[in-house]
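The structure appears right after this line, and notes come after that.
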């Protein structure tokens, strides 16, 4: 969750990079013992949510989305188009509201 008025902060980027590095280390240690990677390692789904979108002008919001997408692309091993960003405001009913956020997040959880 990222406040759309401020965008990603250094701590957010450091957290994501740390999470990615930990996952890659875990995947590497769970492999066959060979130091050479045999397959491309995929990271789990990530859903970035820009909150409080009603408090930012449309043009500023568009710039913020582009900036956050670029920051994610620079920080994570993904193409920018593979980094979904959801725009949310608790003040908006219907599309873009909290209920839709809950549905999106539930869709990321694998069926057990």
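In our numbering, the protein residues as written are 986 to 1097. Note that beta-carbon positions come from the ideal geometry of N, C-alpha and C, so glycine has one too.
- Counting only the Cα atoms, residue 1006 lies some 34 angstroms from residue 1039.
- Bridge pairing for residue 1033: 1070 [DSSP].
- Taking the Cα positions, residue 1048 is about 36 angstroms away from residue 1096.
- If you look at residue 1048, you'll find it in the alpha helix (DSSP H) that goes 1043-1060.
- Straight-line measurement puts the Cα of residue 1009 at about 14 angstroms from the Cα of residue 1060.
- Going by beta carbons, residue 1037 and residue 988 fall inside the 8 angstroms limit.
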